[in-house]
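Numbering (this note's numbering), first residue to last: 1 to 148.
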């Protein structure tokens with residue numbers, strides 16, 4: 001088991017590392033070279049800055065039993081199809097049951113923005129958001145450990 005992180009705009013990198021150390025799980029943070037991600041625990045993979053380069057690297061490196069942390073619904077959908085666990089930094093565990101609705105919501109919001117209709121803005125991150133992510137992340141890890 002390994003944790004792969006879409007690290008460019010991930011607000012929970014420190015929580016991921018803390019939990020990964022506790023469970024002795026390797027972490028691969030994938031980022032484009034503009035972000036300069038550094039870690040004393042995780043392996044960092046820098047990719048070019050082309051659109052979707054981080055997503056492609058994660059999909060190519062992840063294997064069943066791994067966990068991917070991403071805000072990108074498209075990436076989550078791809079890894080779910082490969083039998084890989086996925087979680088949003090907000091604490092939502094992606095499943096085959098919820099991913100289609102999330103992708104549809106993303107599409108509707110995109111069309112609304114193109115029509116210059118204002119869509120809801122993301123709320124400022126709170127300590128409760130971090131706690132929810134940590135709890136759900138641990139639950140996902142424990143569920144996958146039981147399957148191994």
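Beta carbons are placed, not taken as given, at the ideal position from N, Cα and C, and that holds for glycine.
The model shown is predicted, which means the values in this text are computed figures rather than measured ones.
Residues bridged to residue i [DSSP beta-bridge criterion]
{"i": "residue 117", "result": "Per DSSP, none; premise fails for residue 117."}
{"i": "residue 31", "result": "46"}
{"i": "residue 5", "result": "29, 69"}
{"i": "residue 85", "result": "67"}
Beta-carbon proximity check, residue i vs residue j, cutoff 8 Å
{"i": "residue 91", "j": "residue 132", "result": "yes"}
{"i": "residue 35", "j": "residue 8", "result": "yes"}
{"i": "residue 99", "j": "residue 23", "result": "no"}
{"i": "residue 137", "j": "residue 87", "result": "yes"}
{"i": "residue 5", "j": "residue 28", "result": "yes"}
{"i": "residue 123", "j": "residue 15", "result": "no"}
{"i": "residue 70", "j": "residue 77", "result": "no"}
Buried/exposed call for residue i, threshold 16 Cβ in 10 Å
{"i": "residue 118", "result": "exposed"}
{"i": "residue 145", "result": "exposed"}
{"i": "residue 55", "result": "buried"}
{"i": "residue 94", "result": "buried"}
{"i": "residue 112", "result": "exposed"}
{"i": "residue 12", "result": "buried"}
Rounded distance between the beta-carbons of residue j and residue i, thought under 8 Å
{"i": "residue 59", "j": "residue 79", "result": "6 Å"}
{"i": "residue 17", "j": "residue 42", "result": "6 Å"}
{"i": "residue 10", "j": "residue 89", "result": "6 Å"}
{"i": "residue 47", "j": "residue 38", "result": "Rounded, the Cβ-Cβ distance is 16 Å, inconsistent with contact."}
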